[in-house]
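Asker:
Numbering (my numbering), first residue to last: 3 to 268.
1) Relative to the C-alpha of residue 97, which candidate in 87, 68 and 120 has its C-alpha closest?
2) For residue 125, list the residues DSSP reports as bridge partners.
3) Taking the alpha helix (DSSP H) that residue 199 falls in, what are its first and last residues?
4) Among the candidates 139, 212 and 166, whose CA atom is the shortest distance from the CA of residue 191?
5) DSSP on residue 263, reduced to helix/strand/coil?
6) Who are residue 91's beta bridge partners in DSSP?
7) So is residue 46 buried or exposed if we call it buried at 16+ other beta carbons inside 10 Å?
8) Tell me whether residue 15 is buried or exposed, calling it buried when 16 or more other Cβ atoms sit within 10 Å of its Cβ.
9) Specify, as a first and last residue, the run of the alpha helix (DSSP H) that residue 240 falls within.
10) On the criterion of 16 or more Cβ atoms from any shown chain inside 10 Å, does residue 28 qualify as buried, or is it exposed?
11) For residue 140, which three-state DSSP category applies?
12) First and last residue of the alpha helix (DSSP H) that includes residue 231?
13) Apply the 10 Å Cβ neighbour rule to residue 204 and answer buried if 16 or more other Cβ atoms are within range, or exposed otherwise.
14) Which runs of the alpha helix (DSSP H) at least 4 residues long sit entirely within the region 13-70? Give them in chain order.
15) Less than 8 Å separating the beta-carbons of residue 194 and residue 131?
16) By Cβ distance below 8 Å, which residues in the same chain neighbour residue 76 in space, the five residues on each side in sequence not counted?
17) State the Cα-Cα distance for the pair residue 102 and residue 81, rounded to the nearest angstrom.
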């Protein structure tokens with residue numbers, strides 16, 4: 003049984019969107035990993051996103067050419083909470099078509115499967131995992147095991163399909179920003195992806211160890227003061243994080259900043 007999320011508040015005015023501090027998402031990701039594969043909390047390593055989504059969350063996975071009306075905003079992945087019709091691009095006939103997708107399905111765009119994009123596929127998958135673990139009741143009115151989330155819940159008009167575009171994944175949205183409920187859910191899913199692929203329990207000691215190996219013993223690096231430290235913080239360490247955790251250098255840089263290890267220059 004998957005670990006239940008217990009947010010400190012539910013926003014009933016916005017389809018029961020959970021109200022969560024980032025540290026709560028970190029704690030939740032740790033609890034999920036402790037049940038799914040506790041060794042990921044003992045040693046730095048990459049999580050197998052397909053195994054996690056299929057075996058732990060009970061989702062179906064498929065890959066196809068997902069259609070987006072705006073080619074500048076491609077859809078990388080989508081979660082189908084309830085049986086739905088979705089648009090795809092039919093390459094064989096060079097046209098847009100519709101298919102019926104069963105509930106509990108995650109669709110990945112074929113673009114994320116291309117060689118060299120493994121880290122994007124990983125983060126996209128865990129981003130969808132965030133929507134599933136934290137927002138299932140938002141899109142279905144039920145918990146993951148089918149129980150009614152809230153007997154007083156009035157199902158409002160909200161899509162049973164979540165489409166996640168490039169700007170939603172590996173996002174570095176500013177911490178203090180007025181967001182819509184949907185933007186908050188995208189932030190939560192993306193933060194969950196970082197928290198479960200780079201859990202603080204291994205990530206923080208691992209990175210501080212890298213700093214010490216490179217002769218740096220202070221707690222954080224402020225960019226723009228020393229070119230060698232800038233290279234260490236923005237290139238060398240993200241490279242190693244990429245190799246060990248399987249995430250992109252962009253995701254690593256964002257995590258380093260959110261963890262307070264790398265600070266932007268003044």
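From the three backbone atoms N, C-alpha and C, an ideal C-beta is built for every residue, glycine too.
Answerer: Looking at the coordinates:
1) Taking the first residue of the chain shown as position 1, residue 97 is located at position 95. It is 68 whose Cα lies nearest to the Cα of residue 97.
2) Residue numbering aside, residue 125 sits at position 123 when the chain shown is read from its first letter. The partner list for residue 125 (beta bridge, DSSP) is empty, contrary to what the question assumes.
3) As a first step, residue 199 must be located in the chain shown, where it is residue number 197. Unbroken alpha helix (DSSP H) run through residue 199: 183-199.
4) Taking the first residue of the chain shown as 1, we reach residue 191 at position 189. Comparing Cα positions, the closest option is 166.
5) If you number the chain shown from 1, residue 263 lands on position 261. If DSSP states are grouped into helix, strand and coil, residue 263 belongs with coil.
6) For the purposes of this step, residue 91 is taken as the residue at position 89 of the chain shown. DSSP output for residue 91 lists 98 as bridge partner(s).
7) Here residue 46 corresponds to residue number 44 of the chain shown, with the count starting at 1. When all chains shown are included, residue 46 counts as buried.
8) Within the chain shown, the letter at position 13 stands for residue 15. Classification of residue 15: exposed, given that the 10 Å Cβ count is below 16.
9) Reading the chain shown from its first residue, position 238 is the one you call residue 240. 239-247 is the span of the alpha helix (DSSP H), which, as asked, contains residue 240.
10) Taking the first residue of the chain shown as position 1, residue 28 is located at position 26. Its Cβ being crowded by 16 or more others within 10 Å, residue 28 is buried.
11) As a position in the chain shown, residue 140 is number 138, starting the count at 1. Under the three-state reduction of DSSP output, residue 140 falls in the helix class.
12) Residue 231 sits at position 229 when you count from the first residue of the chain shown. Segment 229-233, the alpha helix (DSSP H) holding residue 231.
13) For this step, residue 204 is matched to residue 202 along the chain shown. Per the 10 Å Cβ criterion, buried.
14) Correct list: 24-38.
15) Taking the first residue of the chain shown as 1, we reach residue 194 at position 192. Taking the first residue of the chain shown as 1, we reach residue 131 at position 129. Between residue 194 and residue 131, the C-beta spacing is below 8 Å.
16) On the chain shown, position 74 is the one that residue 76 refers to. Short of 8 Å from the beta carbon of residue 76, and not among the five residues preceding or following it, lie these beta carbons of its own chain, in chain order: 68, 70, 111, 113, 167 and 168.
17) Residue 102 sits at position 100 when you count from the first residue of the chain shown. Residue 81 sits at position 79 when you count from the first residue of the chain shown. The alpha-carbon atoms of residue 102 and residue 81 are separated by roughly 13 Å.
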